[in-house]
């Protein structure tokens with residue numbers, strides 16, 4: 086189990102215990118101490134609290150039937166099921182509990198559905214308005230799609246959107262402080278903490294800083310890439326090849342155009358449990374070009390050894406890459 090999942094399980098355990106009849110001041114003191122250990126502990130506990138409070142307000146969430154979407158597996162699915170089970174046991178609510186796992190300050194208190202993918206996973210989520218969301222590895226989104234609104238929150242990872250046109254009903258993606266408003270398009274949004282990258286395949290989108298300051302907004306079209314951090318947005322215009330490379334994950338591939346090995350390794354690590362580590366700067370600067378299967382770490386490592394003469398050392402969980 087990864088560290089974040091263990092924290093969430095611990096937060097759930099604290100929440101269930103706190104709502105039990107045998108909760109004591111001593112137990113509260115231990116919980117307070119655990120919360121003070123890190124912001125990760127506090128965030129996980131806040132998420133669990135939110136699910137608890139919202140469970141009795143579950144209604145229509147604007148989700149279409151999705152027979153082709155793969156079911157979540159592993160610890161993430163267990164955590165969601167445990168939340169639902171604890172709510173049923175503690176406050177007598179039936180059904181499935183949906184809610185956010187990673188909260189943005191911008192997200193209002195509305196009924197939402199949540200979807201995620203594990204490491205290396207992909208998933209297609211059709212929405213009731215005819216739009217579709219394709220989730221990449223380790224991605225979490227929340228949706229609020231109904232007759233009145235069309236909002237999606239990208240809490241982590243990367244997603245590709247095919248948005249159905251609805252006159253007078255904009256489709257808005259929230260990613261941290263950034264909002265992406267659809268003007269009719271196919272596009273992807275990737276979130277790496279406070280950095281948000283938007284790649285447009287078709288149509289147009291507007292990217293702004295989420296604070297309602299239109300002076301900071303940028304409209305980008307097919308072939309454009311926007312990279313935003315805070316109120317700053319950099320536009321890389323008219324590079325269809327760059328956009329195609331960025332969207333290769335939809336076919337299970339990673340494509341690079343003379344990217345440094347350190348960047349290539351970072352991308353492979355998004356999809357695989359075997360971690361690649363570059364141990365010296367000279368190796369890290371080697372330019373890499375080509376297309377590779379995202380899940381095929383072994384083939385990529387053999388290429389580095391045979392074509393570039395790099396030294397490879399490995400164990401069960403890690404591969405170290407260095408110059409000879």
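In this note's numbering, the protein residues as written are 86 to 409. All C-beta atoms in this analysis are idealised placements derived from N, C-alpha and C, irrespective of residue type, glycine included.
Leaving out the 5 sequence neighbours to the left and right, which residues in its chain are closer than 6 Å to residue i when beta-carbon positions are compared?
{"i": "residue 372", "result": "343"}
{"i": "residue 223", "result": "204, 242"}
{"i": "residue 131", "result": "none"}
{"i": "residue 255", "result": "266"}
{"i": "residue 275", "result": "243, 282"}
{"i": "residue 407", "result": "364, 365, 368, 396"}
{"i": "residue 291", "result": "266, 302, 304"}
{"i": "residue 188", "result": "Annotation note: pLDDT 40 at residue 188 (below 50); position unreliable, coordinate value reported separately. Nothing listed; no residue qualifies."}
{"i": "residue 215", "result": "249"}
{"i": "residue 220", "result": "202, 208, 244"}
{"i": "residue 350", "result": "361, 363"}
{"i": "residue 116", "result": "99"}
Indicate, with yes or no, if the ligand MG has a heavy atom lying under 7 Å from the CB of residue i.
{"i": "residue 403", "result": "Only the bare structure without any ligand can be found here, which leaves the ligand MG out of the picture."}
With DSSP as the reference, label residue i as helix, strand or coil.
{"i": "residue 384", "result": "helix"}
{"i": "residue 371", "result": "coil"}
{"i": "residue 232", "result": "coil"}
{"i": "residue 99", "result": "helix"}
{"i": "residue 378", "result": "strand"}
{"i": "residue 307", "result": "coil"}
{"i": "residue 346", "result": "helix"}
{"i": "residue 204", "result": "coil"}
{"i": "residue 238", "result": "strand"}
{"i": "residue 120", "result": "helix"}
{"i": "residue 395", "result": "coil"}
{"i": "residue 125", "result": "helix"}
{"i": "residue 132", "result": "helix"}
{"i": "residue 302", "result": "coil"}
{"i": "residue 198", "result": "strand"}
{"i": "residue 403", "result": "strand"}
{"i": "residue 355", "result": "coil"}
{"i": "residue 225", "result": "strand"}
{"i": "residue 155", "result": "Below a pLDDT of 50, predicted positions are generally treated as unreliable, and residue 155, at 42, falls in that range; no measurement from the model is reported."}
Skipping 5 residues on each side, what residues in its chain have a beta carbon closer than 8 Å to that of residue i?
{"i": "residue 404", "result": "359, 360, 361, 362, 382, 386, 397, 398"}
{"i": "residue 120", "result": "126, 127, 130"}
{"i": "residue 345", "result": "369, 370, 371, 372, 373"}
{"i": "residue 323", "result": "308, 309"}
Can you tell me the Cβ-Cβ gap for residue i and residue j, rounded? I've got them flagged as a contact below 8 Å.
{"i": "residue 353", "j": "residue 375", "result": "Between residue 375 and residue 353 the Cβ distance is about 13 Å, and since that is not below 8 Å, they are no contact."}
{"i": "residue 236", "j": "residue 261", "result": "About 14 Å; that fails the 8 Å criterion."}
{"i": "residue 309", "j": "residue 326", "result": "With 8 Å as the limit, residue 309 and residue 326 do not qualify as a contact, their Cβ atoms being about 13 Å apart."}
{"i": "residue 245", "j": "residue 273", "result": "5 Å"}
{"i": "residue 210", "j": "residue 239", "result": "Contact doesn't hold; Cβ gap of about 12 Å is too wide."}
{"i": "residue 379", "j": "residue 356", "result": "4 Å"}
{"i": "residue 198", "j": "residue 227", "result": "7 Å"}
{"i": "residue 229", "j": "residue 201", "result": "So it is not a contact: roughly 16 Å between Cβ atoms."}
{"i": "residue 247", "j": "residue 217", "result": "5 Å"}
Quick one: residues in its chain with C-beta nearer than 7 Å to the C-beta of residue i, no 5 flanking neighbours on either side, listed in chain order?
{"i": "residue 286", "result": "271, 272, 307, 328, 332"}
{"i": "residue 284", "result": "272, 273, 310, 328, 331, 332"}
{"i": "residue 347", "result": "363, 369"}
Exercise. At which residue ranges does the segment 319 to 343 contain complete alpha helix (DSSP H) runs of 4 or more residues, listed in the order of the chain?
Worked result: Under the rule that a run must span 4 or more residues, the alpha helix (DSSP H) segments found entirely inside the segment 319 to 343 read 325 to 331.
Exercise. Can at least three beta-carbon pairs, one atom from the segment 359 to 370 and one from the segment 313 to 330, be found at a separation below 8 Å?
Worked result: Segment contact: the segment 359 to 370 against the segment 313 to 330, fewer than three CB-CB distances shorter than 8 Å; contact not assigned.
Exercise. Taking only runs of the beta strand (DSSP E) that begin and end inside the segment 240 to 292, which ones reach a length of at least 3 residues, in chain order?
Worked result: The segment 240 to 292 contains these whole beta strand (DSSP E) runs: 257 to 260, 263 to 277.
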